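Following: one structure in structure tokens, then a few remarks.
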Amino acid sequence: MLSPFEIKLLKSLEEGKKYSLDEAAEISGLKRDAVIKAAYLLQEKGFAKVREITWNEYELTEEGNEYLKKGLPEERVVEKLKEGITSIEELEKIFGKRTIDIAIGNLRRKGVIKIEKGKIELIKIPEFPEKEVLKKIAEDKKAKIDEKILKELVKRKLIRVEELKKIKIQIIRKPEVELREKISDLTPEILLSGSWKDKEFLEYDIRIPSKELFTAKIHPYERIIRECRKIFLEMGFTEIKGHYVQSAFWNFDALFQPQDHPAREMQDTFYLDRYVDLDNEFVERVKQTHENGWITGSKGWGGKWDIQKAKQLVLRTHTTAITIHYLALNPEPPVKAFCIDRVYRREAIDATHLPEFDQLEGVVLDRDVGFRHLLGLLKEFFVKMGFENVRFRPGYFPYTEPSVEPEVYVEGLGWIELGGAGIFRKEVTEPLGIKGKVLAWGLGIGRLAMLRLGMKDLRRLYIPDIGWLRRVPVIKM
Numbered sequence: 001m002l003s004p005f006e007i008k009l010l011k012s013l014e015e016g017k018k019y020s021l022d023e024a025a026e027i028s029g030l031k032r033d034a035v036i037k038a039a040y041l042l043q044e045k046g047f048a049k050v051r052e053i054t055w056n057e058y059e060l061t062e063e064g065n066e067y068l069k070k071g072l073p074e075e076r077v078v079e080k081l082k083e084g085i086t087s088i089e090e091l092e093k094i095f096g097k098r099t100i101d102i103a104i105g106n107l108r109r110k111g112v113i114k115i116e117k118g119k120i121e122l123i124k125i126p127e128f129p130e131k132e133v134l135k136k137i138a139e140d141k142k143a144k145i146d147e148k149i150l151k152e153l154v155k156r157k158l159i160r161v162e163e164l165k166k167i168k169i170q171i172i173r174k175p176e177v178e179l180r181e182k183i184s185d186l187t188p189e190i191l192l193s194g195s196w197k198d199k200e201f202l203e204y205d206i207r208i209p210s211k212e213l214f215t216a217k218i219h220p221y222e223r224i225i226r227e228c229r230k231i232f233l234e235m236g237f238t239e240i241k242g243h244y245v246q247s248a249f250w251n252f253d254a255l256f257q258p259q260d261h262p263a264r265e266m267q268d269t270f271y272l273d274r275y276v277d278l279d280n281e282f283v284e285r286v287k288q289t290h291e292n293g294w295i296t297g298s299k300g301w302g303g304k305w306d307i308q309k310a311k312q313l314v315l316r317t318h319t320t321a322i323t324i325h326y327l328a329l330n331p332e333p334p335v336k337a338f339c340i341d342r343v344y345r346r347e348a349i350d351a352t353h354l355p356e357f358d359q360l361e362g363v364v365l366d367r368d369v370g371f372r373h374l375l376g377l378l379k380e381f382f383v384k385m386g387f388e389n390v391r392f393r394p395g396y397f398p399y400t401e402p403s404v405e406p407e408v409y410v411e412g413l414g415w416i417e418l419g420g421a422g423i424f425r426k427e428v429t430e431p432l433g434i435k436g437k438v439l440a441w442g443l444g445i446g447r448l449a450m451l452r453l454g455m456k457d458l459r460r461l462y463i464p465d466i467g468w469l470r471r472v473p474v475i476k477m
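Numbering-wise (the UniProt record's numbering), the sequence shown opens with residue 1 and increments by one.
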């Protein structure tokens, strides 16, 4: 079956005669792309021949034009060498360092010079066929050029090459049956005139692939972050925010993390060369808790607590610094808060680690909550995120007791750990005046996103790979 464009082209062009694309478009009244499509379809059906003619055209670049007028750098340097000027230093004064570097590189490749003690010796007189090629191109864009010289001049960015193509269309035979044009649109004019009764309509082939459309959509990683946020908001939580830069006091000390803990070392934390005053009411109580346990029933870590270490500013290593500060300012239960934000650690970059990443932190403060509430809450979150199999393994963190590590089961990968959780110790809550038990958790969103998107490399989340962004399915929220 012939399309309307094919029929129109067959009717318009004479059999046996060759037409250029522009001629065929003008005679048939079709657009150029419609002529090309129809011509190739007719060729497949044995009604036409399409011949493609390709050729190259060359053009001198700005630098190529300059070398044509002044001479190639190596050509000009050879002239000076013939005059007896052999010192590289002198030649640089005449031509400039860039010109001399180019000239020396090309003359060395030709094997016509040697350099000793800052002087150039001309071993043999070189030829410069490149100059002749530049002249040829200036006179004739279609000039025939030696392939080796062409590659060299393109590499030196002295010429530009443009590949051009034209086609010739020839109708070699026409169908024996009458060519009756089919129409694809039922217009108001056809309906009003009644001429549709005598028209033949083009059938729609629903098997033909449609044009792929790439519409704008939210980045898949941002979509997952929004999904996490939506789940906690639906569960009655309040979202909180805080500063990227925190004092070591709120990032470490308020969480009962000892001042000699490995996580506080320079190789793990980004420290700023600045300090902040700690004039709040909590400092003395936190100090005593570290040194002797204060009134918490703990023995503390012992030793002397250094307030200068606590004053130093850091790029926060976890968003727990935000949630604990929020609880200190809002110590009365009930409190349900979460934070999704960027954190920073001195990590070597690889497929699963980055020096900055997003963390989901949450806390529940109440008098009648316990460990089972924490497990149930986390399980509900993971199930809503699409992970049906969830389990918890015992863990250890300086500021929670008991502590767990939630894991989800992924087909083909097994059990994957996604963060840490637990109940804040009394050494954390009592010095800050927090009244009640605090359920707390911190989850890495990057790893969660990798599992949801089927990725093996965390770095791909941040690379602008347009192909992947187009292919990745939209995640239902």
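Every residue gets a Cβ at the ideal spot worked out from N, C-alpha and C, and that includes glycine.
Remember, it's a predicted structure, so these values are computed and weren't measured experimentally.
- The three-state reading of DSSP puts N106 in helix, counting H, G and I together.
- In this structure, V78 sits near P126, with a CB-CB distance shorter than 8 angstroms.
- The shortest CA-to-CA distance from D260 to any of K230, E239, E92, K304 is the one to K304.
- When the Cα atoms are used, H325 and R470 turn out to be separated by approximately 41 angstroms.
- The C-alpha of A143 is placed about 26 angstroms away from the C-alpha of I102.
- For V161, the secondary structure class from DSSP, reduced to helix, strand or coil, is strand.
- Annotation for R226: the continuous alpha helix (DSSP H) segment containing it runs 220-234.
- For P331, no alpha helix (DSSP H) encloses it, and the DSSP letter there is neither H nor E.
- Taking C-beta atoms under 8 angstroms as the contact rule, R51 and K168 qualify, at a distance of about 5 angstroms.
- Under the three-state reduction of DSSP output, G414 falls in the strand class.
- Pairing L439 with V364 gives a Cβ-Cβ distance under 8 angstroms.
- The beta carbon of Y275 lies closer than 6 angstroms to those of K311, Q312 in the same chain, with the five residues before and after it left out.
- Within the same chain, and ignoring the five residues on either side of F232 in sequence, the residues whose Cβ sits closer than 6 angstroms to its Cβ are F338.
- Residue G442 holds the alpha-carbon nearest to the alpha-carbon of G422 among I416, E407, E411, G442.
- F282 is not a Cβ neighbour of E427, given a cutoff of 8 angstroms.
- For G444, the secondary structure class from DSSP, reduced to helix, strand or coil, is strand.
- For the 8 angstroms CB-CB criterion, G386 and R459 do not form a contact.
- Counting other Cβ atoms within 10 Å of its Cβ, M450 reaches 16 or more and is therefore classed as buried.
- At a cut-off of 4 residues, the continuous stretches assigned as alpha helix (DSSP H) that sit fully inside the stretch 224-312 are 248-251, 283-292, 307-311.
- Annotation for N106: E74 place their beta carbon closer than 6 angstroms to its own, counting only its chain and skipping 5 residues before and after.
- Per the DSSP secondary-structure output, S20 pairs in a beta bridge with K168.
- Rounded to the nearest whole angstrom, the CA to CA distance from T54 to S3 is 28 angstroms.
- Rounded to whole angstroms, F270 and D358 show a C-alpha spacing of 16 angstroms.
- In this structure, the straight-line span from the alpha carbon of T400 to that of V314 is close to 22 angstroms.
- Look at V364 here: in three-state DSSP terms it is strand.
- Taking a contact as a CB-CB distance under 8 angstroms, the pair L13 and I171 counts as one, their CB atoms being some 5 angstroms apart.
- Per DSSP, G194 lies in no beta strand (DSSP E) and is assigned neither H nor E.
- Here the alpha carbons of E57 and V161 stand approximately 6 angstroms from one another.
- Across the set G376, E332, K97, the C-alpha of E332 shows the shortest separation from the C-alpha of K437.
- Closest in C-alpha terms to L158, from the list L375, A328, K69, comes K69.
- Taking the C-beta atoms as reference points, P406 is found no nearer than 8 angstroms to F371.
- Distance from the CA atom of K18 to the CA atom of I7, rounded to whole angstroms, is 18 angstroms.
- The three-state secondary structure of I53, taken from DSSP, is strand.
- Around Y396, the same chain offers S403 as residues with beta carbons nearer than 6 angstroms, after the five sequence neighbours per side are excluded.
- Take the alpha-carbon of D350 and the one of D457: they are about 8 angstroms apart.
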